[in-house]
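Read the structure below first, then the notes.
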Amino acid sequence: MEEKLRIYLDNAASTWPKPECVPRAVEHIIREAAANPGRSGHTLSIEAARVIAEARRQTAALFGISDPLRLVFTGNATGALNIVIQGMLGPGDHVITSAMEHNSVMRPLRAMELRGVEVSVVACSADGTLDPDDVGKAIRRQTALVVLTHASNVSGTVMPVSQVGAITSERGIPLCVDASQTAGCLPIDVGRDGIDLLAFTGHKSLYGPQGTGGLYVREGLEARISPLAMGGTGSASEREEQPLFMPDKYESGTPNTPGIAGLLAGIDFVASQGVERIREHEMTLARRLMEGLAAIEGIRVIGPRDPYHRIAVVSFTLEGVEPSEVAFRLDDEFGIMIRSGLHCAPSAHRALGTFPQGTVRASIGFFNTARDIDETIDAVASIAYNR
Ligand SMILES: Cc1ncc(COP(=O)(O)O)c(C=O)c1O
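Every number in this note's numbering is 59 more than the matching position in the sequence shown, counting from 1.
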């Protein structure tokens with residue numbers, strides 16, 4: 060029996076497949092060295108701690124962070140964002156964000172509103188673009204934080220992070236960037252971009268396993284951010300109070316050592332390919348997909364046309380057909396896996412004019428090929444002509 064074609068275009072949710080080195084690294088550490096890192100002084104505990112230290116070093120290098128100890132490992136980007144938003148803000152504080160944020164930013168911010176924090180949501184244009192001057196105009200005396208996604212997971216729009224970083228640095232306001240969609244596929248340098256806090260996830264363009272992520276905290280800012288979780292760190296064990304030094308302040312409990320070993324392998328892979336080369340490959344395919352889709356009657360492609368201003372997340376709508384039906388038919392009839400709906404970002408859809416039905420989202424990864432794209436365009440065309 061002929062095997063059904065299987066095309067994976069849901070890399071913005073989680074990249075798949077992973078490079079072979081990733082499952083190998085996870086299996087290796089589980090089999091050979093998954094002892095508790097930093098707790099015991101024996102050989103295997105030291106080996107587990109070494110893997111985590113190496114992962115910290117390589118992750119820091121990828122983001123231009125000179126001191127790896129400024130980097131905290133978390134379970135995902137959501138965990139990192141919650142440390143910042145819940146740990147830093149209090150009654151009377153004002154925070155600025157954009158209309159393009161994921162619910163991993165919006166929901167903790169809305170919860171903080173109930174605790175007396177004022178939230179300003181800066182509007183974006185119909186292709187998701189943010190004017191950095193609008194962020195500057197929203198700043199008040201009480202502004203304690205600006206939180207901004209690096210790129211939208213709905214429209215692919217890249218936000219003007221370094222321009223906003225220039226404004227916030229000048230005004231002395233910390234800038235927290237949600238790099239969930241960009242870490243590994245768009246160059247990031249925290250110093251150059253004026254980023255004070257960087258939240259990232261491991262299972263997307265860093266090609267690590269799910270359950271990995273992290274937070275960079277600029278030197279000194281830890282004094283202003285309370286930890287969400289407190290407990291054992293393997294350090295300062297004589298004290299019953301939480302350590303105040305980095306990264307232990309925010310790393311209580313046994314870490315996901317196998318996941319971090321896989322993340323290290325993923326980052327190694329990304330570094331060996333080069334972020335710029337990965338971006339070039341993905342954007343060549345994204346351009347091919349956008350052009351192919353735009354030629355189909357009834358298709359509206361969302362987000363900027365200019366590849367310089369976007370990542371390889373391509374959302375579209377098909378007139379007269381619900382996004383969920385397009386997604387179902389692509390999977391069922393053609394073996395093409397994409398995502399439909401609101402993608403956890405209702406505010407972004409309001410800005411883009413695609414609320415409440417959402418979009419069909421095809422998101423490209425390093426392992427996709429031109430053939431995947433051509434098959435997808437043909438499949439969407441077939442659905443469009445048989446609606
Ligand atoms: C822009 C953005 N922020 C945050 C997240 C949350 O990432 P995670 O589920 O890994 O915490 C996502 C995931 O889809 C995202 O796209």
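We put the beta carbon where it would ideally sit given N, CA and C, even for glycine. All figures in this text were calculated on a predicted structure; none of them were measured in a lab.
Indicate whether leucine 256 and proline 233 have their beta-carbon atoms separated by less than 8 Å. yes
One question on the structure: do isoleucine 123 and valine 249 come within less than 8 Å of each other, judged by their Cβ atoms? Residue 123 is actually glycine in this sequence, not isoleucine. Result yes, Cβ atoms of glycine 123 and valine 249 sit closer than 8 Å.
Closest by CA to alanine 386, which one among Gly312, Gly379, Val419? Val419
Pairs of beta-carbons, one from the region 170-187 and one from the region 357-375, closer than 8 Å: are there three or more? yes
Under a three-way DSSP split, which group does phenylalanine 426 fall into? coil
Opposite isoleucine 66 in the DSSP bridges: which residues? Ile395
Short Cβ contact (8 Å threshold) for glycine 243 with tyrosine 266: yes
For the candidate residues Arg446, Tyr444, Glu434, whose alpha-carbon lies nearest to that of tyrosine 67? Glu434
At a threshold of 7 Å, does glycine 272 count as lining ligand 1 (C-beta to nearest heavy atom)? yes
Proximity to tyrosine 309 [Cα-Cα], best of Asn95, Arg129, His101: Arg129
Within 10 angstroms of its Cβ, does serine 422 collect 16 or more other Cβ (buried), or is it exposed? buried
Is the Cβ-Cβ distance between glutamine 416 and glutamate 384 less than 8 Å? no
Whose C-alpha, out of Thr137, Pro314, Leu245, Ala345, is nearest the C-alpha of cysteine 403? Thr137
On a CA-only basis, which of Thr271, Ala429, Gly424, Leu322 is nearest proline 82? Give me that one, please. Leu322
Heavy atom of ligand 1 less than 7 Å from the Cβ of alanine 324, yes or no? no
Compute the beta-carbon to beta-carbon distance between alanine 158 and alanine 410, rounded to the nearest angstrom, for a pair I have assumed lies under 8 Å. 4 Å
Do the region 388-407 and the region 67-76 meet, that is, are 3 or more Cβ pairs less than 8 Å apart? yes
Is the closest heavy atom of ligand 1 to the C-beta of aspartate 237 under 7 Å? yes
Taking buried to mean at least 16 other C-beta atoms within 10 Å of its own C-beta, is threonine 428 buried or exposed? exposed
How far does the alpha helix (DSSP H) with serine 374 in it extend, from its first residue to its last? Taken as a continuous stretch (DSSP letters only), serine 374 belongs to no alpha helix (DSSP H), being part of the beta strand (DSSP E) at 372-377.
For a minimum of 3 consecutive residues, which ranges assigned as the beta strand (DSSP E) are wholly contained in the region 111-139? 130-133
With C-beta atoms as the reference, is leucine 168 less than 8 Å away from valine 181? no
Is the Cβ-Cβ distance between valine 217 and arginine 338 less than 8 Å? no
Would you grab the beta carbon distance between alanine 443 and leucine 377 for me? Rounded to a whole angstrom, and I think it's under 8 Å. 6 Å
Which residue from Arg174, Asn135, Asp126 puts its Cα closest to that of leucine 148? Arg174
Closer than 7 Å: is that where the CB of histidine 262 sits relative to any heavy atom of ligand 1? yes
Please report how far the alpha carbon of glutamate 356 lies from the alpha carbon of valine 373, in whole angstroms. 17 Å
Locate the alpha helix (DSSP H) running through valine 176, then write down its first and last residues. Careful: valine 176 lies outside any alpha helix (DSSP H) and carries neither H nor E.
Using only the heavy atoms of ligand 1, determine whether one of them is closer than 7 Å to the beta carbon of asparagine 315. no
Ignore the nearest five residues each way along the sequence and tell me which others in alanine 258's own chain have a CB closer than 6 Å to its CB. Ala136, Ala139, Leu140, Asp237, Leu274
Need the endpoints of the alpha helix (DSSP H) that cysteine 80 sits in, please. 80-91
Heavy atom of ligand 1 within 7 Å of serine 399 beta-carbon: no
Using 7 Å as the cut-off, classify the Cβ of asparagine 212 as near or not near the heavy atoms of ligand 1, replying yes or no. yes
Nearest by alpha-carbon distance to valine 176: which of Ala94, Ile144, Tyr367 is it? Ile144
Alpha carbon of leucine 303 to alpha carbon of glycine 379, nearest angstrom: 56 Å
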